[in-house]
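Since the structure comes first, as structure tokens, the remarks are kept for the end.
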């Protein structure tokens, strides 16, 4: 860490900072500049918060050199993390393609979409059963009933299922049914929930908060990893900016940035990051071209009657067309969609 | 609601929209423009989500006219909400002045600060016992032990106490000790928690999320109000923008905007909204001048050894000086700090 | 336009709004809602500013239905604009690939880079001669001397040249030398300059301001188009957000959004939108996959000694490798890099 | 400057950085950390751009310690800058209160408003004659005719006049008529214009760009100051954020931040920073309470027929009421509105 003193800081203030550094078992190194003194704190400071020094009298700024996260860092784990998920590999050459409805609305709806996306080439199924909704007056999800339908859809199609967990109390029931626990954008810094999920051994899909920096996303993943759960996928889903032409702004830069900072697999959610069905294909292709390891896309059999997020859901036909385009782009960047065995359709 | 059709939308698409409107028990009204058709949906649409129409074929945009919240709205409750809190009135002429440490660190620390801020003129005490921290490697709070110290501080000083609740499981123990439950910025859209707090009858201090719009803040308050808990204070605590000179950007505009949209009391947290002790006095005065009903300010007996957020904490001496300035500005805008009876200091 | 009246607006206020609408030669259409009245203003309102109505007493909001720009709009010009530029087509199947140094630094530097990027496959050359710099203390460009080198580079390589114009006074000399005038992000709303450039008949590359909305970009292009200059290319170059991991945030969503709103060709500048050479390849591929019509990329023979923006410049070798990858992605989305005849190298 | 090397940077790369530092006549100081090496560059580096080092191989980040501006810095000019403007002092105890219409629309309109704001207590008059407008289809200002009316209004009321300059070509005519040249937000980084204005000796009111950082605003002022023009006022006028409830977000934090970084006077424009007449009074009082040296407020005799920005203009009556409130707040923070001699009204 580099502690820059204010111009005119006293010798006593400098000594005080040195003592504080030594208290953390770090050694010090002093640079006397023309206007200011800089004190380097040398040693393993991953778990030393900057604030300890920021508030000392005479300190101007504190700059961290080593990253504040460790287990998520590519520095400590240079190889890409790759893990198996029901027959395909997340984070390797395979593109992970998760598709399904925003909300599970009924058994019939879910099974139909599940089969359709499987036939199109999806390798995992998404579906919300507990829904975080801005308004208390709208549909809030089917709860455990929805989980049963998800399990049935897995049985039918062979795809692992992904669903969002919103509170610690839901974990117990969810682990019985789902293959991947999703942490939604609004809960990215719900640290109690992150810790609880870190204690499970189920893969986690962690979505970036809508105003979270890339560093904060990595710190959030550290909560899960430090609990012993190493199978974490990160997901860019758009950030909040001044632009109102789309629901969110897809931070496509985050794909190569995350690839350079972490070994964890990176997914992108073009449905939420654009909020508009007309832009999903374009952004899906961009994500794969940029180096993302996968996509999570909303598909609904009848978007015009969806109980949530219909505006951003593709029809199965649109999804089918998109998968073809994704395959072409994946090939151009030396990736591929894994072959899937669509099980026989049950009527 | 106003549904604007795309240029060239077909008669069938228009009919389809009309059917969807009527299904919601709203009546329709059509404007044929030069390029486009607009369909008005007339009736009580507070609980009808826009999305139902946005995803219909041929629809360009849907504009909500009535607000998506009701109980929080000044339209439905024109008078300011004023409620008593241990001898003073929140939301009236009195300025609510909540002060205390970011974290409760020890019994001695808390009791000393509590007495100091009381003597300076604070009318409520804040102190975190469960801390949301970006990094899993730093101090996470004292838990129930901290709550006991808060209760002791209340006994000693006569001030009601405010503490942040981070998960549903904490509510049961917290309601035994605290007078006001705070929902932090990171949990503003933790809807499970909002519902749970709405079922209690304890006043709530709801902080704006760092990238939440004013409308989303009001929607979040609606979750609490619709549970039957009417004593909600809203708190502006800075939003995230491109500016890096301060930790957050104080959205001072939110003060008059909220005053016009809602009857709920509005507080401002200059410690978090600036992140820097040097700017707290300036922004405290600005908030009162702008019409805020109160302030929540971090004070620490020894900021340079605080376990969290020391950089933004005032010393008791600084706080004492600030209260005098706040009094002068409050008087200039026809408000006042309520007289408090500082109980005798106990040793 | 739709004018929503405040709840409780008086009959007189409503009449007043109707008069104001009729003054603009628009007809009115009234919807009486439960709480509020909405007045539709029907007719050609492209050039009627919203503000005329927003400030009338009793008006709550005014929503524009028709777009505030006309000549840039796809609605009025459904076919993609395609124009020839020295042997290749901007805006059609061909990918426009503009490359070159941030600043023209010397004759030798420019000619060497020009030949290198031409051999790699670029079809136009960029190079700044008047540089907008945040600090008055750094290199500000070679001026007309630089223009002469650009002209020589065109002669040598056969590529058209692009350079930024910073003030009206520079136009006269620039049109003698360059093929495309670039308007930089900082001047996107320098309306005097936009008008002046609109009066020339030289193609314009208009970069999006770092905090400009897509709509404002289109309004800026309208200034140029309405002067009679129809050959305008738009360029996404990153917007300013809270994220600090990259210099700007590439708004990749803007590519499909602009494609749906306008007929003008859309380019993307991955050098500025990321600010970091390590991310340029990833974002270049993403842009083409998303549907952009071209790229403008900084290349420098010796980035470590560049006088400006070295951190984001590729070496000729890196650019050569990137062109191969761009070709593969272009093919995947049914586009292509035009064949170029690299003229013989002159020593 | 502190240059942090990448983990694993080679000895050769480190030597290369050292050479580059020495080339700038700075001396070096090396800290060998556990994972990384840090190189301090010691000496006067105000005019050395960071980029020179950022692009060297093996460099991770470069942190500037001394500020990149010098003449604007409080470090080099500890006392507040105070300058006389036609009988009152900008930047001292006096509050500067500039008021007037967004655009000069006619002689009668301007003279009437000028007298009204003078009687209410304004000490300078604003009025646009060249208007930067987002759309090419709306009123663009009266030009020199408007300047004549401004001069007449000054004669009549004794107030100095402020008007915006949009291009270098306008400076010559403007300096004949106006007392203060305003640089608008859209031109804050129009460096050619900044230089040209810096060569005049007329006071300048420099508005912050809508997405400019505080540091960039100070750098822009450095362009003017380094030309020899020392009478520069800075003006916060709202920044662009995700919040849409107001036209811009008033960055009230910028007031104390700028006060700590620079000696230049700081004004605030509540009309543009809120965009709504209903919020102007609240934000005006907040600005003065926060420590601003003045305000610039739009007033229009008949806002509902204003040719621009009517929605944010006060009537003379509203302004009269506001001045009383501003006086009360100014007194509470030990400032005052200077007495003005309203000349006799001419009919």
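Protein chains in written order, with the numbering used here: chain G, 5 to 351; chain S, 5 to 351; chain C, 5 to 351; chain D, 5 to 351. Glycine is no exception: its CB is placed at the ideal position from the N, C-alpha and C atoms.
Cβ of residue i within 8 angstroms of any chain D Cβ
{"i": "residue 225 of chain S", "result": "no"}
{"i": "residue 246 of chain S", "result": "yes"}
{"i": "residue 282 of chain S", "result": "yes"}
{"i": "residue 39 of chain G", "result": "yes"}
{"i": "residue 365 of chain G", "result": "Shown here, chain G extends from 5 to 351; a query on residue 365 of chain G therefore has no answer."}
{"i": "residue 350 of chain C", "result": "Confidence at residue 350 of chain C is low in this model, with a pLDDT of 41, below 50, so the placement of that residue is unreliable and no value is reported for it."}
{"i": "residue 295 of chain S", "result": "yes"}
{"i": "residue 79 of chain C", "result": "no"}
{"i": "residue 319 of chain S", "result": "no"}
{"i": "residue 270 of chain S", "result": "no"}
Nearest neighbour of residue i, chosen from the options [CA to CA]
{"i": "residue 30 of chain C", "options": "S:29, S:23, S:38, S:26", "result": "S:38"}
{"i": "residue 48 of chain C", "options": "C:74, C:81, C:198, C:289", "result": "C:74"}
{"i": "residue 55 of chain C", "options": "D:115, D:174, D:281", "result": "D:281"}
{"i": "residue 85 of chain D", "options": "D:114, D:305, D:238", "result": "D:238"}
{"i": "residue 316 of chain G", "options": "G:105, G:338, G:63", "result": "G:105"}
{"i": "residue 46 of chain G", "options": "G:299, G:68, G:90", "result": "G:68"}
{"i": "residue 200 of chain G", "options": "G:175, G:222, G:191", "result": "G:175"}
{"i": "residue 330 of chain S", "options": "S:279, S:305, S:274", "result": "S:274"}
{"i": "residue 158 of chain G", "options": "G:83, G:182, G:63", "result": "G:182"}
{"i": "residue 72 of chain D", "options": "D:33, D:224, D:151, D:328", "result": "D:224"}
{"i": "residue 82 of chain G", "options": "G:267, G:9, G:121", "result": "G:267"}
{"i": "residue 219 of chain C", "options": "C:264, C:286, C:169", "result": "C:264"}
{"i": "residue 42 of chain D", "options": "G:221, G:284, G:6", "result": "G:6"}
{"i": "residue 163 of chain G", "options": "G:92, G:113, G:58, G:324", "result": "G:92"}
Terminal residues of the alpha helix (DSSP H) in which residue i lies
{"i": "residue 276 of chain C", "result": "274-278"}
{"i": "residue 156 of chain G", "result": "148-161"}
{"i": "residue 228 of chain D", "result": "218-229"}
Residue-level contact to chain C via CB, residue i, 8 angstroms cutoff
{"i": "residue 48 of chain S", "result": "yes"}
{"i": "residue 190 of chain D", "result": "yes"}
First and last residue of the uninterrupted beta strand (DSSP E) at residue i
{"i": "residue 41 of chain S", "result": "41-46"}
{"i": "residue 121 of chain C", "result": "Not the beta strand (DSSP E): residue 121 of chain C falls in the alpha helix (DSSP H), residues 111-124."}
{"i": "residue 100 of chain S", "result": "100-104"}
{"i": "residue 237 of chain C", "result": "236-240"}
{"i": "residue 167 of chain S", "result": "165-168"}
{"i": "residue 381 of chain G", "result": "Shown here, chain G extends from 5 to 351; a query on residue 381 of chain G therefore has no answer."}
DSSP bridge partner residues for residue i (one or two, in chain order)
{"i": "residue 17 of chain D", "result": "Paired residues: none, contrary to the question."}
{"i": "residue 90 of chain G", "result": "Paired residues: none, contrary to the question."}
{"i": "residue 31 of chain D", "result": "D:46"}
{"i": "residue 107 of chain S", "result": "S:132"}
{"i": "residue 340 of chain S", "result": "S:98"}
{"i": "residue 36 of chain C", "result": "C:41"}
Below-8 angstroms beta-carbon distance, residue i vs any chain G residue
{"i": "residue 335 of chain C", "result": "yes"}
{"i": "residue 193 of chain S", "result": "yes"}
Test: residue i CB closer than 8 angstroms to a CB of chain S
{"i": "residue 340 of chain D", "result": "no"}
{"i": "residue 17 of chain C", "result": "no"}
(message) Restricting to runs no shorter than 3 residues, where is the beta strand (DSSP E) found entirely within the stretch 281-330 of chain S?
(response) You should have 298-302.
(request) Taking only runs that begin and end inside the stretch 180-210 of chain S, name each unbroken alpha helix (DSSP H) of 4 or more residues, in chain order. (result) Scanning the stretch 180-210 of chain S from its first residue to its last, the whole alpha helix (DSSP H) runs of 4-plus residues come out as 195-202.
(message) I'd like the ranges of any beta strand (DSSP E) spanning at least 3 consecutive residues and lying wholly in the stretch 47-83 of chain D.
(response) The qualifying runs are 63-67.
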